[in-house]
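Everything below concerns the one structure shown next.
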Amino acid sequence: MREQAGGSAAQLEHAAAFYAAEDEYLDEVLGFVGTGLDHGDLVFVAVPGPKVSLLREHLAGRAGQVTFADMTQMGANPAWIIPRVQAFLDAHPDRQVRYVGEPIWETRSAEELCEATRHEALINLAFAGVPVSILCPYDTTRLGPGVIANAEHTHPVVIRDGLPCPSPGYAEAALFPEECDQPLPAPPLHAAAFTYRHGLAQVRAFAGEYARRAGLPSRRVADLVTAVHELAANTLRHTSSGGVLNMWASPAEVICQVQDTGCVSDPLTGRRRPAPDATHGHGLWIVHQLCDLVELRTSASGTTIRLHMRLSR
Amino acid sequence: MCLRLAGDADLSECDALEQALAVPVAADGDVHLDLAALTFADVAVARLLARTAARLVPGRKLVLHRAPPALQRLVQMCWPDQPGLEVTDA
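As they're listed, the protein sequences go chains H and E. Oh and the first sequence: position 239 is 239 in the numbering used here, straight run, nothing missing. Count along the second sequence starting at 1, add 1000, and that's the number in the numbering used here.
Set out below in structure tokens:
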């Protein structure tokens, strides 16, 4: 955003910056960061580790004024990002904030790309009306055309060759790009299945036993059991028809799917830390926090939630 | 006085747990819970503990002794700064 007019955002600004080379990346990001620092804004930069080093090097003496995070850690599960940005905003309520977030990179799995794209769409909801300026760099040489098209859908502003303009693809009508809002494919035929209508202890026993036998470390088994329990508890609380638990393993992950007839009406559920005195909403928050990746699809006919736990991390 | 919880505790146990806690809560001093033998606790139980701590008058606290790591994580994720709630490995 070299030509950025004025300084601080009066409301949410959410721009995708497309870059094809390192100097273009540096121009965009350093320009955005520098404008913020010139105006006395607080700047938070969460990008993949090697780019943190690159930016620190080029910011030289000003690097100390910027808060950095390695996005491959902070946003390994994209659902962790909005709460982190919110926490940064909450910690500095009287300051203007600029945030650089690069949640999408070429080695992400197809499922992660989809969830990271949904995260980008949810930024528009989570920070609607909040005076924060957000820049999301996208590497057009390494990301496929579909990923770039989705970025046009999820960002009200796109920057090409340093020039910001309203995104023609930005669609407020459909929150998520169609490609990232399809029903999840059916579990594999060899998946284990468990149907529950009551009896959460049996749900926990089934999930724990499967995860242990698949080789998940014991601490992660406990996390998965907690996550599955909370989803099944939600089924029993919000529906009268029970649910189905499916589990299977890939060479790298244990995957667990909970399906019921409930509906998650707020797409941000689980991406905001519930207030301390909240009487509900903790379940999905914990599920997102505990799992390596969560895929959630909901409609009037039901909800499917798929949890991924890596066998090694 | 120290209450001990053992086995799995989930939302179905919350009413019983709340009744059990009512006795030390109505008395004076801190409320102590020994959780060393607890094998599972869900967020409903963690929420009950946080809410119980929140209702104690300032100066009193609910002390969770030897809580399993999973419960400690639940508390950390949802009620990291709950006044009146202390988690200790002792």
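Positions of the beta carbon are idealized from the N, C-alpha and C atoms, including for glycine. Because the structure is a prediction, the values reported are computed rather than measured.
Residue nearest to residue i in terms of C-alpha spacing, selected from the options
{"i": "residue 34 (chain H)", "options": "H:264, H:60, H:87", "result": "H:60"}
{"i": "residue 253 (chain H)", "options": "H:52, H:308, H:65, H:101", "result": "H:308"}
{"i": "residue 41 (chain H)", "options": "H:197, H:89, H:102, H:294", "result": "H:89"}
{"i": "residue 199 (chain H)", "options": "H:235, H:169, H:179", "result": "H:235"}
{"i": "residue 106 (chain H)", "options": "H:130, H:229, H:145, H:189", "result": "H:145"}
{"i": "residue 1042 (chain E)", "options": "H:294, H:32, H:282", "result": "H:282"}
{"i": "residue 242 (chain H)", "options": "H:232, H:251, H:249, H:250", "result": "H:232"}
{"i": "residue 1070 (chain E)", "options": "H:266, H:287, H:142, H:43", "result": "H:287"}
{"i": "residue 188 (chain H)", "options": "H:182, H:169, H:250", "result": "H:250"}
Test: residue i CB closer than 9 Å to a CB of chain E
{"i": "residue 80 (chain H)", "result": "no"}
{"i": "residue 33 (chain H)", "result": "no"}
{"i": "residue 105 (chain H)", "result": "no"}
{"i": "residue 202 (chain H)", "result": "no"}
{"i": "residue 85 (chain H)", "result": "no"}
{"i": "residue 229 (chain H)", "result": "yes"}
{"i": "residue 6 (chain H)", "result": "Reliability of the predicted coordinates at residue 6 (chain H) is poor, the pLDDT of 49 falling under 50, and no value is obtained from them."}
{"i": "residue 314 (chain H)", "result": "One cannot answer for residue 314 (chain H) here, as it falls past the ends of chain H, which runs 1 to 313."}
{"i": "residue 223 (chain H)", "result": "yes"}
{"i": "residue 290 (chain H)", "result": "yes"}
{"i": "residue 18 (chain H)", "result": "no"}
{"i": "residue 233 (chain H)", "result": "yes"}
{"i": "residue 219 (chain H)", "result": "yes"}
{"i": "residue 305 (chain H)", "result": "no"}
{"i": "residue 279 (chain H)", "result": "yes"}
{"i": "residue 286 (chain H)", "result": "yes"}
Paired residues, beta bridge with residue i - DSSP
{"i": "residue 45 (chain H)", "result": "H:68, H:100"}
{"i": "residue 18 (chain H)", "result": "H:138"}
{"i": "residue 254 (chain H)", "result": "H:249, H:309"}
{"i": "residue 299 (chain H)", "result": "H:302"}
{"i": "residue 1034 (chain E)", "result": "E:1004, E:1065"}
{"i": "residue 160 (chain H)", "result": "H:163"}
Interface residues of chain E facing residue i [CB-CB closer than 9 Å]
{"i": "residue 338 (chain H)", "result": "Lying before the first or after the last residue shown, residue 338 (chain H) is absent from chain H, which here runs from 1 to 313."}
Cross-chain neighbours of residue i in chain H, by beta carbon under 8 Å
{"i": "residue 1050 (chain E)", "result": "276"}
Cutoff 9 Å: residue i Cβ touching any chain H Cβ
{"i": "residue 1070 (chain E)", "result": "yes"}
{"i": "residue 1006 (chain E)", "result": "no"}
{"i": "residue 1010 (chain E)", "result": "yes"}
{"i": "residue 1081 (chain E)", "result": "yes"}
Closer than 9 Å at the beta carbon, the chain H residues around residue i
{"i": "residue 1019 (chain E)", "result": "Residues of chain H passing the Cβ test: none, with the nearest at roughly 19 Å."}
Near the ligand ZN: residue i beta-carbon under 8 Å from a heavy atom
{"i": "residue 67 (chain H)", "result": "Here there are no bound small molecules, and the ligand ZN is not part of this structure."}
Chain H residues whose Cβ lies nearer than 7 Å to that of residue i
{"i": "residue 1056 (chain E)", "result": "The contacting residues do not exist; residue 1056 (chain E) stays about 14 Å from chain H at best."}
{"i": "residue 1038 (chain E)", "result": "Neighbours of residue 1038 (chain E) on chain H: none; closest Cβ ~12 Å, over 7 Å."}
Beta-carbon neighbours of residue i, restricted to chain E and to distances below 7 Å
{"i": "residue 248 (chain H)", "result": "Those within 7 Å of residue 248 (chain H) in chain E number zero; the least Cβ separation is about 23 Å."}
Touching by the beta-carbon criterion (3+ pairs, under 8 Å), the region 1059-1071 of chain E and the region 1032-1048 of chain E: yes
Is the number of C-beta pairs between the region 12-30 of chain H and the region 76-85 of chain H that are closer than 8 Å three or more?
-> no
Pairs of beta-carbons, one from the region 201-221 of chain H and one from the region 173-186 of chain H, closer than 8 Å: are there three or more?
no
*Determine, using beta-carbon pairs with one atom in the region 218-225 of chain H and one in the region 184-200 of chain H, whether at least three such pairs fall under 8 Å.*
no
Any contact of the region 274-294 of chain H with the region 1004-1019 of chain E, i.e. 3+ C-beta pairs under 8 Å?
no
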